[in-house]
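Peer 1: Keeping their order, the protein sequence lines are chains U and W. My numbering puts the first residue of the first sequence at 78, with every later residue one more than the last. My numbering puts the first residue of the second sequence at 130, with every later residue one more than the last. Quick reminder that beta carbons are idealized off the backbone N, C-alpha and C, glycines included. Input: one structure, supplied below.
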Amino acid sequence: MEGNRMRLDPTELTEDEQALREEVRAFLAARLPAGSYPLGLGMGGGVDPQFSLDLGAKGWLGMALPKEYGGGGRSAVDRLVVVEELLAVGAPVGYHWVADRQSGPNIAANGTAEQKRSFLPRIARGELCFAIGMSEPDSGSDLASVRAKATPAGRGWVINGRKIWTTAAYVATHILGLFRTSGDRYGGLTQFIVDPASDGLTVSRIPFIDGTQEFCEVAFEDVFVPDSMRLGAVGAGWGQNTAELALERGGADRWMSLMPVLEHWAANISGRVPGWAQADLGSITARCWAFHGMSLAIARMVDEGLSPAIEAALAKEMATRFEQECIEIVTRHYGRAPQLTSPDPQESLLARAILTGPSWTIRGGTTEILRNIIAKGLTQA
Amino acid sequence: MNQNPELTGLVDEFFRETFGPDVITAVELDGPSAALWNATGELGLPLVGIAEENGGSGGTLGELLTVLQGAGQWAVPLPLAETSLAAWLLASCGAQVPAGPMTVIPDASGLRLGGDRLTGGARAVPWLRGASRVVAVVDGCVAAVDPAALDVTPGADLAGLPSDLVTASGVPAETYAADVSADDVLLRGALLRSAQIAGAITGAYEVTRSYIKERVQFGRPIAAFQSVQMHLVELAQAATLTTLCVERAGRAAAIGTASLEIAATKSVANRHAGLAVRAAHQAHGAIGMTREYRLQHLTRRLHTWRGEFGDETSLNLRLGAAVARSGGIIAAATSVASTVGV
Numbered sequence: 078m079e080g081n082r083m084r085l086d087p088t089e090l091t092e093d094e095q096a097l098r099e100e101v102r103a104f105l106a107a108r109l110p111a112g113s114y115p116l117g118l119g120m121g122g123g124v125d126p127q128f129s130l131d132l133g134a135k136g137w138l139g140m141a142l143p144k145e146y147g148g149g150g151r152s153a154v155d156r157l158v159v160v161e162e163l164l165a166v167g168a169p170v171g172y173h174w175v176a177d178r179q180s181g182p183n184i185a186a187n188g189t190a191e192q193k194r195s196f197l198p199r200i201a202r203g204e205l206c207f208a209i210g211m212s213e214p215d216s217g218s219d220l221a222s223v224r225a226k227a228t229p230a231g232r233g234w235v236i237n238g239r240k241i242w243t244t245a246a247y248v249a250t251h252i253l254g255l256f257r258t259s260g261d262r263y264g265g266l267t268q269f270i271v272d273p274a275s276d277g278l279t280v281s282r283i284p285f286i287d288g289t290q291e292f293c294e295v296a297f298e299d300v301f302v303p304d305s306m307r308l309g310a311v312g313a314g315w316g317q318n319t320a321e322l323a324l325e326r327g328g329a330d331r332w333m334s335l336m337p338v339l340e341h342w343a344a345n346i347s348g349r350v351p352g353w354a355q356a357d358l359g360s361i362t363a364r365c366w367a368f369h370g371m372s373l374a375i376a377r378m379v380d381e382g383l384s385p386a387i388e389a390a391l392a393k394e395m396a397t398r399f400e401q402e403c404i405e406i407v408t409r410h411y412g413r414a415p416q417l418t419s420p421d422p423q424e425s426l427l428a429r430a431i432l433t434g435p436s437w438t439i440r441g442g443t444t445e446i447l448r449n450i451i452a453k454g455l456t457q458a
Numbered sequence: 130m131n132q133n134p135e136l137t138g139l140v141d142e143f144f145r146e147t148f149g150p151d152v153i154t155a156v157e158l159d160g161p162s163a164a165l166w167n168a169t170g171e172l173g174l175p176l177v178g179i180a181e182e183n184g185g186s187g188g189t190l191g192e193l194l195t196v197l198q199g200a201g202q203w204a205v206p207l208p209l210a211e212t213s214l215a216a217w218l219l220a221s222c223g224a225q226v227p228a229g230p231m232t233v234i235p236d237a238s239g240l241r242l243g244g245d246r247l248t249g250g251a252r253a254v255p256w257l258r259g260a261s262r263v264v265a266v267v268d269g270c271v272a273a274v275d276p277a278a279l280d281v282t283p284g285a286d287l288a289g290l291p292s293d294l295v296t297a298s299g300v301p302a303e304t305y306a307a308d309v310s311a312d313d314v315l316l317r318g319a320l321l322r323s324a325q326i327a328g329a330i331t332g333a334y335e336v337t338r339s340y341i342k343e344r345v346q347f348g349r350p351i352a353a354f355q356s357v358q359m360h361l362v363e364l365a366q367a368a369t370l371t372t373l374c375v376e377r378a379g380r381a382a383a384i385g386t387a388s389l390e391i392a393a394t395k396s397v398a399n400r401h402a403g404l405a406v407r408a409a410h411q412a413h414g415a416i417g418m419t420r421e422y423r424l425q426h427l428t429r430r431l432h433t434w435r436g437e438f439g440d441e442t443s444l445n446l447r448l449g450a451a452v453a454r455s456g457g458i459i460a461a462a463t464s465v466a467s468t469v470g471v
């Protein structure tokens, strides 16, 4: 922000960054031949621990984490380049996604030396799967109203309550959650890293609208968490959580969810309504070019030590609406309702996008919440 | 980093102080003003981005885009983009650039050269009245003629600015062998118009932001209402993303043809122009619909500019054809500046 006006500085990839893109592109072409993996929709890609390990071995996870803790010591732009290539082919990123995008950077920023030593190298190797414990049955957009409670007990804390809409909790090695440690609305929140195998912790799967089972509810009944698994100071959870959400928002995953569908459509535009489809494809291409520039500008700001939270909210709000519009466009050109059960993976993927697309403007902050954040930034200065 | 904050500041201050709403309206009613042109010319602004050896002010393409963004934001009623295009065409042939306002013929496909004589017609020629030269790419040549020699049917664009129907019947022309094509004119024009659009959207954002903080209804400034704030958010998004696209396309155009970058930028700018007009008017209510209020200077220009040097459909068809032919969306969207042509 400059005064009351938002500004994103233009930036392009350096030669090294371009070389990285070529390297990732070539690796993925060999590692993920067409038909060898379930096509994913952006961050909703398949869960494939071996694929995550392979990416870790290439040094493409935890890229911006500090080297002394096993990270790549590289940049947010490098990470963006890798992520764009992964999402372009609908790669199975589900196992490492949350750890790589937000839990790792959160631990690097707020963790103790021991926590960093323990978690960051394993995140960078692709060994860990983090789930996000934020929402609760009665706390969604009003996140500061969370009630799941952590009470001091001996050398740790006892947690009681429920977390919901927790993607991949059933397979997660860790849940990084926001819990209430006092009655103070914002100052009474603290983040903890919880082992899902803890006594008293139950993960139940919630069938998602497309019939998949990645969504979970997590119940905590007197779950003991050692104090060494508290992330950051007691009462610092709200600020950490807000920073984490900002990391969640400005990236390529907010405009690329439909990419495998779009690429397939672009490559197969038939003669049925060529002009109309061609113009739609052109409009989509123009906007992808624009959003790529936006993600790149935001990543460059992060690398310069800035925290472009409002910019990221602005980007996510418009990019996720664009993603949904793309579903609408491709569906209009499809000519019939695609079936989820189709043996054609592209048809099935489009069907999945149609069903799950509405969640894209909900997860990570709804359109309405984001607009409020942006408007506050614009009018209060 | 903003490449030249000094120029940005100078342009903003000069345009803001010189081109108040009354001045803009007067030009619309009375026609082009030589005094306003001269004041702007004294600062060298019309020929920024044209080399000094050709008679220009020097400076980069990025600096030219800065001037035009400022001109868009303050609805400057001068043919700055048109003069710049004409000067660029003349300079590209090694010709000396004359002083004074000039213009170009955006679509010269209806014109022919017979020797040094120009014949045919063209529509929607902006700012012909008062121009010292009108320049066009015709039959592989750059041709410059004296507007006084043309038959002109006066017209006006949606902003009330001159946009004429022109007929030439064997009019004498200075002709130069051209390195530039009609498509180069379209692309350069699209980039300059996009800069003006980015500026005008930014202007509409600023006007709307001030208005909703001042206007009181139901006992509160209307900026307190979330449903009104949403319009400001949409304007901020359109302004930020359009400006970013213009600056990226400008960098690409400084090193190559940048056909992908410019076509994408103008497509996005056109789209955002439409969204911004709607959002700004909706936030303003009835006052914004009057000629007495400043917003219309911006929104009427946005309506005009989105249709010039590439409308959304023609640009999207062009982009779509190129992507369907080869490469794919991501290869184009993440390509390095000026390496993918459309």
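List, in order along the chain, the chain U residues whose C-beta lies closer than 7 Å to that of W:I458?
Peer 2: Going along chain U in sequence order, the residues near W:I458 (Cβ under 7 Å) are L339, E340, A343, I361, T362, C365.
Peer 1: Measure how close the beta-carbons of W:T232 and W:A215 come, nearest whole angstrom, since I'm counting them as under 8 Å.
Peer 2: About 6 Å separates the two Cβ atoms, so the contact holds.
Peer 1: Can you name, in chain order, every residue of its own chain whose Cβ lies under 6 Å from the Cβ of U:S275, other than the five neighbours on each side?
Peer 2: These residues qualify, in order along the chain: V300.
Peer 1: May I have the straight-line CA-CA distance separating U:G309 from U:T189, to the nearest angstrom?
Peer 2: For U:G309 and U:T189, the distance between alpha carbons rounds to 8 Å.
Peer 1: Are there 16 or more other CB atoms within 10 angstroms of the CB of W:F354, so buried, or fewer, so exposed?
Peer 2: Result: exposed.
Peer 1: Who pairs with W:T331 in a beta bridge, going by DSSP?
Peer 2: For W:T331, which the question treats as bridged, DSSP gives no partner whatsoever.
Peer 1: Determine the direct distance from the alpha carbon of W:I153 to that of W:H426, and round the result to whole angstroms.
Peer 2: W:H426 and W:I153: Cα-Cα distance of roughly 8 Å.
Peer 1: DSSP three-state call for U:Y114: helix, strand or coil?
Peer 2: In the structure shown, U:Y114 sits in coil (DSSP, three-state: anything other than H, G, I, E or B).
Peer 1: If you measure between the beta carbons of W:E192 and W:L158, is that distance less than 7 Å?
Peer 2: Cβ distance not < 7 Å, so W:E192 and W:L158 don't count as in contact.
Peer 1: What residue does the beta strand (DSSP E) around U:E145 start on, and which one ends it?
Peer 2: That residue, U:E145, is in no beta strand (DSSP E); it is neither H nor E in DSSP.
Peer 1: Distance cutoff 7 Å, beta carbons only. Does W:T169 sit that close to anything in chain U?
Peer 2: Not closer than 7 Å to any Cβ of chain U, the Cβ of W:T169 fails to qualify, so no.
Peer 1: Only counting runs of 4 or more residues, tell me where the alpha helix (DSSP H) segments fall wholly within the stretch 362-417 of chain W, in order along the chain.
Peer 2: Complete alpha helix (DSSP H) runs here, min 4: 388-413.
Peer 1: Over the uninterrupted alpha helix (DSSP H) stretch that includes W:H426, give me the two end residues.
Peer 2: Unbroken alpha helix (DSSP H) run through W:H426: 424-434.
Peer 1: Any idea which residues DSSP pairs U:F399 with across the strands?
Peer 2: Answer by DSSP bridge pairing: none, since U:F399 is not bridged.
Peer 1: Which term fits U:M336, buried or exposed, when burial requires 16 or more other beta carbons within 10 angstroms of its beta carbon?
Peer 2: Buried.
Peer 1: Residues of chain W with CB closer than 9 Å to the CB of U:E465, please, in chain order.
Peer 2: Here chain U comprises residues numbered 78 to 458, so residue 465 of chain U is not present and cannot be evaluated.
Peer 1: Going by DSSP, what residue range makes up the alpha helix (DSSP H) through W:V309?
Peer 2: No alpha helix (DSSP H) holds W:V309; DSSP gives it neither H nor E.
Peer 1: Is there a Cβ of chain W sitting closer than 7 Å to that of U:T456, yes or no?
Peer 2: True, the Cβ-Cβ gap to chain W drops below 7 Å.
Peer 1: At a cut of 8 Å, does the stretch 237-255 of chain U reach the stretch 204-222 of chain U through at least three beta carbon pairs?
Peer 2: Segments in contact, yes.
Peer 1: Rounded to a whole number of angstroms, what is the C-alpha to C-alpha distance between U:C293 and W:A415?
Peer 2: Their Cα atoms are separated by approximately 50 Å.
Peer 1: For W:N445, count the other beta carbons within 10 Å of its own beta carbon; 16 or more makes it buried, fewer makes it exposed. Which is it?
Peer 2: When all chains shown are included, W:N445 counts as buried.
Peer 1: Starting from W:F148, trace the beta strand (DSSP E) both ways and give me its first and last residue.
Peer 2: Where W:F148 is concerned, there is no enclosing beta strand (DSSP E), given that its DSSP letter is neither H nor E.
Peer 1: By the DSSP assignment, the alpha helix (DSSP H) with W:L247 in it spans what residues?
Peer 2: W:L247 -> not in any alpha helix (DSSP H); beta strand (DSSP E) instead, spanning 246-255.
Peer 1: In whole angstroms, what is the alpha-carbon distance linking U:G123 and U:G312?
Peer 2: Going from the Cα of U:G123 to the Cα of U:G312 covers about 35 Å.
Peer 1: Leaving aside the five residues before and after W:R380 along the sequence, list all residues of the same chain whose C-beta is less than 8 Å from its C-beta, in chain order.
Peer 2: Hits under 8 Å: G191, A466.
Peer 1: Would you say U:L255 faces chain W, with C-beta separation under 7 Å as the test?
Peer 2: Closer than 7 Å: no.
Peer 1: Please list, in chain order, the residues of the stretch 146-177 of chain U that have any C-beta partner in chain W closer than 8 Å.
Peer 2: The stretch 146-177 of chain U vs chain W, Cβ under 8 Å: E161, A165.
Peer 1: Should the stretch 199-209 of chain U be called in touch with the stretch 158-168 of chain U, which here means at least 3 C-beta pairs below 8 Å?
Peer 2: Verdict: no, contact absent.
Peer 1: Give me whichever residues DSSP pairs with U:S281 in a beta bridge.
Peer 2: According to DSSP, U:S281 bridges with U:E294.
Peer 1: So with Cβ pairs under 7 Å, would you call U:R413 a contact of chain W?
Peer 2: Chain W contact via Cβ: absent.
Peer 1: For W:A365, which residues from the same chain have a beta carbon less than 7 Å from its beta carbon, with the 5 sequence-adjacent residues on both sides left out?
Peer 2: So the qualifying residues of the chain are Y334.
Peer 1: With 7 Å as the threshold, decide whether the Cβ of W:N133 is near any Cβ in chain U.
Peer 2: So, not an interface residue.
Peer 1: May I ask you to report which of helix, strand or coil DSSP gives U:N237?
Peer 2: Strand, per DSSP.
Peer 1: Quick check: U:A176 and U:A208, are their CB atoms within less than 7 Å of each other?
Peer 2: No, the Cβ-Cβ distance between U:A176 and U:A208 is not below 7 Å.
Peer 1: What residue range does the alpha helix (DSSP H) around U:Q268 cover?
Peer 2: Premise fails: U:Q268 lies in the beta strand (DSSP E), 266-271, not in any alpha helix (DSSP H).
Peer 1: Provide the residue(s) that pair with U:H251 in DSSP beta bridges, ordered along the chain.
Peer 2: Answer is U:F207, bridged to U:H251.
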